[in-house]
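Since the structure comes first, as structure tokens, the remarks are kept for the end.
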Amino acid sequence: MLNNKSILITGGTGSLGKALTKTILEKWPDVKRLVIYSRDEQKQYQMAQEFPESKYKAIRYFIGDVRDLERLKRAFNGIDYVIHAAAMKHVHIAEYNPDECVKTNIGGAENVIKASLSSAVTKVVALSTDKACAPINLYGATKLTSDKLFIAANNIKGKQDIKFSVVRYGNVMGSNGSVIPFFMNKRTEGVLPITDEKMTRFNISLQGGVDMVLHALDKAWGGELFVPKLPSYKILDVATAIAPNCKHEIVGIRPGEKIHEEMITASDSFTTYDLGEYYVILPQLTNWDLNEYKNVFKATLVPQGFSYTSGENTEWETVASLRALIKEHLYSDFEPK
Numbered sequence: 000m001l002n003n004k005s006i007l008i009t010g011g012t013g014s015l016g017k018a019l020t021k022t023i024l025e026k027w028p029d030v031k032r033l034v035i036y037s038r039d040e041q042k043q044y045q046m047a048q049e050f051p052e053s054k055y056k057a058i059r060y061f062i063g064d065v066r067d068l069e070r071l072k073r074a075f076n077g078i079d080y081v082i083h084a085a086a087m088k089h090v091h092i093a094e095y096n097p098d099e100c101v102k103t104n105i106g107g108a109e110n111v112i113k114a115s116l117s118s119a120v121t122k123v124v125a126l127s128t129d130k131a132c133a134p135i136n137l138y139g140a141t142k143l144t145s146d147k148l149f150i151a152a153n154n155i156k157g158k159q160d161i162k163f164s165v166v167r168y169g170n171v172m173g174s175n176g177s178v179i180p181f182f183m184n185k186r187t188e189g190v191l192p193i194t195d196e197k198m199t200r201f202n203i204s205l206q207g208g209v210d211m212v213l214h215a216l217d218k219a220w221g222g223e224l225f226v227p228k229l230p231s232y233k234i235l236d237v238a239t240a241i242a243p244n245c246k247h248e249i250v251g252i253r254p255g256e257k258i259h260e261e262m263i264t265a266s267d268s269f270t271t272y273d274l275g276e277y278y279v280i281l282p283q284l285t286n287w288d289l290n291e292y293k294n295v296f297k298a299t300l301v302p303q304g305f306s307y308t309s310g311e312n313t314e315w316e317t318v319a320s321l322r323a324l325i326k327e328h329l330y331s332d333f334e335p336k
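0 is the number of the first residue of the sequence shown in numbering that gives the first Met the number 0; add one for each residue after it.
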């Protein structure tokens, strides 16, 4: 799928960007070019130690900000596929720096779309978040706006051969700023801060996120918002899995946080289809034949009123399964204590 193709990843030095890079270089040795586009030179320097240009002939590192349209246009020259992962992602930081969040998450999305439409890019996959579903915080609201912009971009492409789609998923296990590394660091103090005892979250591995992006690159017709079927976890089970001997300090939820996360609302159910491995939320109007799409992917419409939330999920991680996942994917020497 990616051999002889040129791919650019915005925010490519992040957790998912690095995991995508590793998978692409291993699975498609004849990839033409893989451009890592981000604004942090230190992270690019560090990533280049792991993926040096001297060893991986296809890789390139571009310093640039998604807020800079002209730089994006230059970077997109000769690119076939774009994976848009750049964003301000921390809920509480966005609440206190709203202008910056809007500039990056909304303005940046607009720039990626404009740069794609003014180049020879044929596929764009934008990364979303469960917090974009029925958002109660600024981060989620900006990502919902970004999602809408990418979906609507399919309506303004004219005769250009380009497809825009979105992938939405829950918390990436072990990613920067996520709860498992946080608890691993805090357990040495003997006390774990718990926001709310009832809190639940969806859980996806880094590789699961990578696989979903690659699925969208391969299968999207343009306009889809892909949602994976994921297990949930209880925050207390994560705490017990990592540090069963630690005390808990209830600190309350931070500004803009939810007790349970949502990925599909009841209002989305009218255009949400079950594809087997994933759900997909389709736009109300598509520029392709819906019946043909349903036949190709064996897509079935979910029941009216269907919703998908971490608190009402049917699949759950347990303390034992969380420990196994932590050991397998994050810390090979992990032991609960």
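Where a beta carbon is used, it is the ideal one built from N, C-alpha and C, also for glycine.
Is the CB-CB distance between S127 and M172 below 7 Å? By one-based count along the sequence shown, residue 127 stands at place 128. By one-based count along the sequence shown, residue 172 stands at place 173. Against a cut-off of 7 Å, the Cβ pair of M172 and S127 comes out as no contact.
Give the straight-line distance between the Cα atoms of G139 and P180, rounded to the nearest whole angstrom. Against the sequence shown, residue 139 aligns to sequence position 140. Against the sequence shown, residue 180 aligns to sequence position 181. Straight-line Cα distance between these residues: approximately 23 Å.
For M0, count neighbouring C-beta atoms within 10 Å of its own C-beta (all shown protein chains included) and say buried if the count is 16 or more, exposed if not. Taking the first residue of the sequence shown as position 1, residue 0 is located at position 1. Per the 10 Å Cβ criterion, exposed.
I82 versus V124: straight-line alpha-carbon distance, rounded: Taking the first residue of the sequence shown as 1, we reach residue 82 at position 83. Taking the first residue of the sequence shown as 1, we reach residue 124 at position 125. The straight-line gap from Cα to Cα measures roughly 5 Å.
Delimiting residues of the alpha helix (DSSP H) encompassing V166: What you label residue 166 is simply residue 167 of the sequence shown in a count that begins at 1. First-last for V166: K162 to V166, but that is the beta strand (DSSP E), not the alpha helix (DSSP H).
Taking only runs that begin and end inside the segment 129-189, name each unbroken alpha helix (DSSP H) of 4 or more residues, in chain order. 137-151 and 178-185
Closest by C-alpha distance to M262, when choosing among K122, A215 and L229: In the sequence shown, the residue the question calls residue 262 occupies position 263. Ranking K122, A215 and L229 by Cα distance to M262 puts L229 first.
Here's a check: name, in chain order, each residue in its chain whose Cβ is nearer than 6 Å to the Cβ of A114, leaving out the five neighbours to either side. Within the sequence shown, numbered from 1, the residue matching residue 114 stands at position 115. Result list for A114: L71, K72 and F75, in chain order.
Using the beta-carbon count (16 or more within 10 Å), is I325 buried or exposed? Within the sequence shown, residue 325 is the residue found at index 326, counting from 1. The residue is buried, with at least 16 neighbouring Cβ atoms inside 10 Å.
With which residues is D395 paired in a DSSP beta bridge? Outside the displayed span of the chain (0 to 336) sits residue 395, for which this structure offers no information.
Give the range of the beta strand (DSSP E) segment to which V124 is assigned. In the sequence shown, the residue the question calls residue 124 occupies position 125. Its beta strand (DSSP E) spans residues K122 to L126.
Where the beta strand (DSSP E) through V226 begins and ends: Numbered from its first residue, the sequence shown carries residue 226 at position 227. From DSSP, the beta strand (DSSP E) with V226 extends over L224 to P227.
Spatial neighbours of S118 within its chain, please: C-beta separation below 6 Å, excluding the five flanking residues on both sides. Taking the sequence shown and counting its residues from 1, one reaches residue 118 at position 119. Result list for S118: F75, in chain order.
Helix, strand or coil: which one does DSSP assign to M262? Walking along the sequence shown from the start, residue 262 turns up at place 263. Note: M262 maps to strand in three-state DSSP.
With three or more beta-carbon pairs closer than 8 Å as the criterion, would you say the segment 141-158 touches the segment 182-199? no
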